[in-house]
Amino acid sequence: MSEGLAPERIVRLEEGAVVLLDQRKLPDEIVEVRCKTAAALADAITTMVVRGAPAIGVAAAYGIALAAESGEDLAAAEAVLRASRPTAVNLAWALEEMRDEPTAEHARRIHADEVARCRRMAAHTADLLAPGTRALTHCNAGGLATGGYGSAVGALLTAFERGLLEHVWVDETRPLLQGARLTAWELEAASIPHAVIADSAAASLMAAGEVDCVITGADRIAANGDSANKIGTYSLAVLAHHHGLPLYIVAPSTTVDLATPDGAAIPIEERDPAEVTARFRARNPAFDVTPAQLIAAVVTEHGVHRAPYLASLAGAVAA
Ligand code: MRU
């Protein structure tokens, strides 16, 4: 059974550099990028050499360790990394974790803990699925996005291993195609039956009875359960609700932000419109917010959390 890519192939700290697998080039080319300063790493995060909420946090933790080892100003390193992407709260979480102990050992512990959390939430999510499940997923919430194993895709790996998963519909994920390039690649490596679909194909597949549930990750989950994830997740949530299908959000407790009361307070990244089209005027919000009432359950490493989320998520974070 495939365990996915080894965590250190996705992101690691070496002597004098944070080394990243360049996710912009996958699946066609396997190329690594070496970031020798916190500023270079921040640029790699902004340009999505590494992406996915927990993986961004892990990379930033290594960036602080690198900055400490090479004598950079740690406050400046933290500031440049913090500003690299706004929506995923795991980035701020990891930077705060590193403040008291900015060492390589601590960053590696944060990395290993994120992978361990993935395995636990995968097991909890698989408990929700019936044999023969045909799941639909959006963007990439696989090992590439978490630094190993994956959140939503980790859940699919575990469900497949338990003989519960029949097929995965993989949204292509416009405009940067994280689904078509990254999730499909991870599912192929795990020999999980899958098919890439245009994002706009989800509705008709649901109407035809070919989807049993939607499983995605998240970049930030507000205290009331409203969840920010890759643009297009909200559309899927509305569609799933209309067709009576559950939407499960699988994310570690490090993605839950109790300081953000609801989705309206989540900063939404607007990326370069040229990612959509360079020919015409365009708008490129990279995330949207799915209201809590459209989410059947949020699954963290602590278990399955259901509405009212204010109480169930607070419990998860406290644990
Ligand atoms: O812009 P990206 O590729 O960083 O967006 C990633 C997502 O939206 C993922 O679904 C989310 O980070 C969860 S990753 C486990």
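So for the sequence shown, the numbering used here puts the first residue at 8; every next one is plus one. Every residue, glycine too, gets a C-beta built ideally from N, C-alpha and C.
Heavy atom of the ligand MRU within 7 Å of residue i beta-carbon
i, result
"Thr190", "no"
"Gln300", "no"
"Asn236", "yes"
"Arg58", "yes"
"Asp226", "yes"
"Cys146", "yes"
"Ala95", "yes"
"Thr297", "no"
"Pro268", "no"
"Thr153", "yes"
"Ala293", "yes"
"Thr44", "no"
"Thr53", "no"
"Thr132", "no"
"Ser158", "yes"
"Thr223", "yes"
"Pro14", "no"
"Pro109", "no"
"Pro327", "A question about residue 327 goes unanswered here, because the residues of the chain that appear run from 8 up to 326."
Contact check, residue i vs residue j, beta carbons under 8 Å
i, j, result
"Val203", "Ala191", "yes"
"His309", "Ala326", "yes"
"Leu212", "His201", "no"
"Leu33", "Val57", "no"
"Ala205", "Glu179", "yes"
"Val177", "Thr144", "yes"
"Val305", "Ala235", "no"
"Thr223", "Cys125", "no"
"Ala272", "Ala210", "no"
"Val38", "Met128", "no"
"Glu282", "Pro292", "no"
"Ala148", "Ala159", "yes"
C-alpha gap between residue i and residue j, whole angstroms
i, j, result
"Pro298", "Ala244", "9 Å"
"Cys220", "Thr262", "22 Å"
"Arg329", "Gln300", "Nothing in the structure corresponds to residue 329, since the chain is present only between 8 and 326."
"Gln185", "Gly11", "16 Å"
"Ala130", "Ala162", "7 Å"
"Thr307", "Ala74", "31 Å"
"Ala111", "Leu20", "7 Å"
"Pro93", "Ala142", "29 Å"
"Asp269", "Leu320", "13 Å"
"Asp35", "Leu183", "14 Å"
"Val96", "Val324", "14 Å"
"Gly157", "Ser260", "14 Å"
"Asp279", "Ala24", "28 Å"
"Glu217", "Pro315", "30 Å"
"Gly139", "Ser198", "16 Å"
"Glu76", "Ala83", "14 Å"
"Ala318", "Glu22", "44 Å"
"Arg181", "Gly78", "40 Å"
"Val175", "Gly239", "17 Å"
"Glu15", "His118", "9 Å"
"Ala86", "Trp100", "13 Å"
"Gly232", "Arg288", "34 Å"
"His248", "Phe294", "19 Å"
Residues of its chain near residue i, where Cβ-Cβ distance is below 6 Å and the 5 sequence neighbours each way are ignored
i, result
"Leu136", "Ala166 and Leu171"
"Ala60", "Ala95, Asn97, Asp226 and Thr262"
Residues of its chain near residue i, where Cβ-Cβ distance is below 8 Å and the 5 sequence neighbours each way are ignored
i, result
"Leu88", "Ala45, Leu48, Ala49, Ile52, Ala67, Gly70, Ile71, Leu98 and Leu102"
"Ala114", "Leu20, Val65, Ala68, Tyr69, Ile71, Ala72 and Met105"
"Thr267", "Val96, Arg227, Ala229, Ala230 and Ile273"
"Leu265", "Ala230, Leu320, Ala321 and Val324"
"Pro109", "Ile71, Ala72, Ala74, Ala75 and Leu81"
Contacts around residue i, its chain only, beta-carbon distance under 7 Å, and the 5 residues preceding and following it disregarded
i, result
"Ile17", "Leu28, Ala62, Gly150, Leu151, Gly154 and Gly155"
"Arg286", "none"
"Leu246", "Ala209, Ala210 and Met213"
"Arg188", "Leu33 and Pro34"
"Ala303", "Pro253, Leu254 and Tyr255"
Short CB-CB distance (under 8 Å) between residue i and chain C
i, result
"Pro315", "Checking the listed chains, one finds no chain C in this structure; it contains a single protein chain."
Contact test: residue i Cβ vs the ligand MN heavy atom, cutoff 7 Å
i, result
"Thr261", "In terms of ligand content, the structure shown lacks the ligand MN and carries the ligand MRU instead."
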